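What follows is a short report on a single structure.
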Amino acid sequence: MRHLMSPLDFTTEELDKLFQLANDIENNPKKYAHCCDGKKLATCFYEPSTRTRLSFEAAMINLGGSVIGFSSAASSSASKGESVSDTIRMISCYADICAMRHPKEGAPMVAATKSSIPVVNAGDGGHQHPTQTLTDLLTIRSLKGRLNNFTIGLCGDLKFGRTVHSLISALIRYENISFVFISPEELRIPEYITEQLKELNIPYEEVIRLEEVMPKLDLLYMTRVQQERFFNEEDYIRLKDFYILDKAKMSLAKDDMLVLHPLPRVNEISVEVDDDPRAAYFRQVQYGVYARMALILTLLEIEV
Ligand code: NCD
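The working numbering numbers the first residue of the sequence shown as 73 and each following residue consecutively.
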């Protein structure tokens, strides 16, 4: 039985197979409409989410399965003091697969060790968010036709943004990727990541101003400042509008640059950018459903 805790749990060959399956689902949705008849997905969300939870639920429903679960710690027995290990043992009796989001790093991993059904990490604290990474990679691969030879800018909260950490760990396995980290001093990319890039000889630079690097980017991954991980409200208020991508900044970019964002957006992308053909963040949401459908089929070992 397999779980998904980090994007590295799949080899690049396995990812390739998963993305081919996702594209086939995109092109032939009817073919997959009953693959999970009678199967249940449990969504155990101890931290708020709209996109990820609903995306998992839509994915399972599109496959003919059904969904049970809870959407906050307050509405589960966690509020009575139940451990994640006990919760997953119980969920294993009710469902065939579980997607778990938790504010504590490593909680889904603890659950996986006690589970008799596949567990998917749907985001653990500031650590990892592998299904967002599957979504991001599928979007890039589908819209650009490749996952190598890119200069990618990651902008915003690079310190707390788990989607950023997961995406970097996945992209370093592809050829000729260089990273441009764009953040205020306080939200710089963690040192363990830059150390790893140095060891692997992967080019990267760190800058504060988005404008100065815009012309060289093939992909721009915008992120929101992660308010819930701040200890100090004043710091959040000072940093939250540090970057605002608008039409003027987009005019500095390549004609075929893609703008990605895991969403939710706060102010970091002005709505005037939404109509720009390079804005891919809403198409990315749709790819998230295909990626999760492909993942559910893969982990449940359902062949179509
Ligand atoms: C991201 C997350 O939860 O980390 N959202 C998502 O899953 N699409 C990004 C974010 O909340 O900023």
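Every residue, glycine too, gets a C-beta built ideally from N, C-alpha and C. Remember, predicted model here, so these are calculated numbers, not experimental data.
Buried versus exposed call for residue i [16 or more other C-beta atoms within 10 Å across all chains shown]
| i | result |
| --- | --- |
| residue 229 | buried |
| residue 92 | exposed |
| residue 329 | buried |
| residue 309 | exposed |
| residue 107 | buried |
| residue 272 | exposed |
| residue 218 | exposed |
| residue 78 | buried |
| residue 232 | buried |
| residue 314 | buried |
| residue 281 | exposed |
Rounded distance between the beta-carbons of residue j and residue i, thought under 8 Å
| i | j | result |
| --- | --- | --- |
| residue 239 | residue 293 | 7 Å |
| residue 169 | residue 190 | 5 Å |
| residue 206 | residue 363 | 4 Å |
Separation of residue j from residue i, as counted between CA atoms
| i | j | result |
| --- | --- | --- |
| residue 319 | residue 118 | 37 Å |
| residue 196 | residue 249 | 26 Å |
| residue 359 | residue 125 | 14 Å |
| residue 200 | residue 312 | 22 Å |
| residue 307 | residue 284 | 25 Å |
| residue 378 | residue 173 | Nothing about residue 378 can be read from this structure; the chain reaches only from 73 to 376. |
| residue 162 | residue 276 | 45 Å |
| residue 73 | residue 374 | 13 Å |
Test item: CB-CB of residue i and residue j under 8 Å
| i | j | result |
| --- | --- | --- |
| residue 365 | residue 131 | yes |
| residue 203 | residue 356 | no |
| residue 224 | residue 243 | yes |
| residue 260 | residue 296 | no |
| residue 134 | residue 114 | no |
| residue 301 | residue 331 | no |
| residue 326 | residue 348 | no |
| residue 227 | residue 187 | no |
| residue 345 | residue 322 | yes |
| residue 139 | residue 183 | no |
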